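The structure under discussion appears below in the form of structure tokens.
In our numbering, the protein residues as written are 43 to 121.
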């Protein structure tokens, strides 16, 4: 079961979290896409916080708005 939290209803994730996010891609007519791993961190270049991918790529609201998030699940612990 997916336990998605929406930015609108549940707010932003804890700072420093490693996440899976659903973005609304404004460049492709609002198509929703999955992104991971994503970190919610303090900005390096300005006050505030942002979603980062690959260490440097920032998900910018005007291009790829994060609409929902969930913590990265634990790996499968099977045989």
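Cβ atoms here follow ideal geometry from the backbone N, Cα and C, with glycine treated the same way. Just so we're clear, the structure is a prediction, and the values are computed from it rather than from any experiment.
- Taking each of 62, 71, 116 in turn and checking the Cα distance to residue 101, the smallest one comes out for 62.
- Looking only at 76, 97, 80, 79, the smallest Cα-Cα distance to residue 86 is reached by 97.
- C-alpha of residue 65 to C-alpha of residue 76: approximately 6 Å in a straight line.
- In the DSSP assignment, residue 51 falls within the unbroken alpha helix (DSSP H) covering 49-52.
- Assigned with DSSP and collapsed to three states, residue 118 falls in coil, not helix or strand.
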